[in-house]
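All residue numbers for the sequence shown refer to the working numbering, where the first residue is 1 and numbers rise by one. Idealized CB from N, CA, C, for every residue including glycine. The model shown is predicted, which means the values in this text are computed figures rather than measured ones. First up is the structure itself, then whatever we jot down about it.
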Amino acid sequence: MTGEEAADFADFDHGDTRYVFDRLTGAGPHRLLEGPVCAFIDWVMDEMSGLEMCRRLRADARTSDAHITIVLETCDQEDKRRALAAGADDYMVGPVERTNILDRVLALGTGRATTVSTRPFQLGDLEIDLPALQARWQTKPISLRPNEFRLLRFFAENADRVLSRNELIDGLGKQEPPIDERTVDVWIGRLRRALRDVGAGDPIRTVRSLGYVYDSH
1 MTGEEAADFA DFDHGDTRYV FDRLTGAGPH RLLEGPVCAF IDWVMDEMSG LEMCRRLRAD
61 ARTSDAHITI VLETCDQEDK RRALAAGADD YMVGPVERTN ILDRVLALGT GRATTVSTRP
121 FQLGDLEIDL PALQARWQTK PISLRPNEFR LLRFFAENAD RVLSRNELID GLGKQEPPID
181 ERTVDVWIGR LRRALRDVGA GDPIRTVRSL GYVYDSH
């Protein structure tokens, strides 16, 4: 969701599935997207229009298959047409509440949103096969534990961007129970060794006092 209220909505458990609310900005997702994604975009945003946000999500490999709903301010036919033309799948009139968001998400069941995060992610010689939970470097399998696999994926999706330890913890959804920042250093040490073992060198660079960055070149 693009609104501030997303941060206040509690997660929802339905059977074996957990639905997690998070806020989207123009920079895209700030955490790993695991499972189907449904995006609810305000017609008017602080940094850009909802239509532009919709176009950005469609152009981003992480969210290109998300089910996108534009939240209109009024029931205007021309606005509905423009929303669908920009790539939205649906529209609704705001304001949004947790209950009506969940009703819409649960009603989707199957369809476009279920295909997100199932394609291999490619970055140069690195391939991340999400369904198989397997990463490869020049077709060589990289031996990784679950945390290191998710860490590599998050680095790859945010390549060439300096990430602090706290951003890595938040991005991996590791706030509860709390994770010590130094645990991130342990994960990165293991990840670096695994990458060196397959001939990838050390694409993860330490930026003093700031954090780490995965260099794509």
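Name, in chain order, the residues that DSSP records as bridge partners for T271.
A question about residue 271 goes unanswered here, because the residues of the chain that appear run from 1 up to 217.
Residue range of the beta strand (DSSP E) that G171 falls in?
-> Walking along the sequence shown from the start, residue 171 turns up at place 171. G171 -> not in any beta strand (DSSP E); alpha helix (DSSP H) instead, spanning 165-171.
Practice problem: Please list, in chain order, all residues of the same chain as T206 whose beta carbon is under 8 angstroms from its beta carbon, the five residues on each side excluded. | Solution: For this step, residue 206 is matched to residue 206 along the sequence shown. Correct list, in chain order: Y212.
- Message: Rounded to the nearest angstrom, what separates D8 and G199 at their Cα positions?
- Response: As a first step, residue 8 must be located in the sequence shown, where it is residue number 8. As a first step, residue 199 must be located in the sequence shown, where it is residue number 199. About 45 angstroms.
- Message: What does the alpha-carbon distance come out to for the pair R81 and A88?
- Response: Against the sequence shown, residue 81 aligns to sequence position 81. Against the sequence shown, residue 88 aligns to sequence position 88. C-alpha separation (whole angstroms): 10 angstroms.
request  = Along the beta strand (DSSP E) that carries A39, what are the first and last residues, could you check?
outcome  = Translated into the one-based positions of the sequence shown, residue 39 becomes position 39. It spans 38-42 - the beta strand (DSSP E) in which A39 sits, taken as one unbroken run.
Identity of the residue in G201, R18, R208 nearest L106 by Cα:
Indexing the sequence shown from 1 puts residue 106 at position 106. For L106, the nearest C-alpha among the options comes from R18.
Review point. CA-CA distance, I218 and R193?
Key: In the structure displayed, the chain extends from 1 to 217; residue 218 sits before or after that span and is not available.
- Message: Assuming contact is defined by CB atoms lying nearer than 9 angstroms, are R55 and G26 in contact in what I supplied?
- Response: Position 55 of the sequence shown, counted from the start, is the residue given in the question as residue 55. Position 26 of the sequence shown, counted from the start, is the residue given in the question as residue 26. Their beta carbons are not under 9 angstroms apart, which means R55 does not touch G26 by this criterion.
Where L51 and L168 are concerned, what is the direct C-alpha to C-alpha distance, given to the nearest angstrom? What you label residue 51 is simply residue 51 of the sequence shown in a count that begins at 1. What you label residue 168 is simply residue 168 of the sequence shown in a count that begins at 1. Near 29 angstroms, if we compare the C-alpha coordinates of L168 and L51.
- For E181, which of R196, D197, L163, L195 has the nearest alpha-carbon? Translated into positions along the sequence shown, residue 181 becomes position 181. Cα-wise, what sits closest to E181 is L163.
Query raised in the report: Where does Q138 sit, in a helix, a strand or coil, going by DSSP?
Result: Within the sequence shown, numbered from 1, the residue matching residue 138 stands at position 138. Coil.
Quiz prompt | Reduced DSSP category for I70 - H, G, I as helix; E, B as strand; rest coil | solution = Residue numbering aside, residue 70 sits at position 70 when the sequence shown is read from its first letter. Residue state, collapsed to three classes: strand.
Please return the same chain residues whose Cβ sits closer than 7 angstroms to the Cβ of Y91, not counting the five positions on each side in sequence.
What you label residue 91 is simply residue 91 of the sequence shown in a count that begins at 1. Non-local beta-carbon contacts of Y91 in its own chain, meaning distances under 7 angstroms to residues more than five positions away in sequence, involve T69, I70, L72, K80, A83 in chain order.
If I'm right that R150 touches L32 with Cβ under 8 angstroms, what's the distance once you round it to whole angstroms? Your numbering for residue 150 matches position 150 in the sequence shown. Your numbering for residue 32 matches position 32 in the sequence shown. Right, the Cβ-Cβ distance comes to about 6 angstroms (below 8 angstroms), so this counts as a contact.
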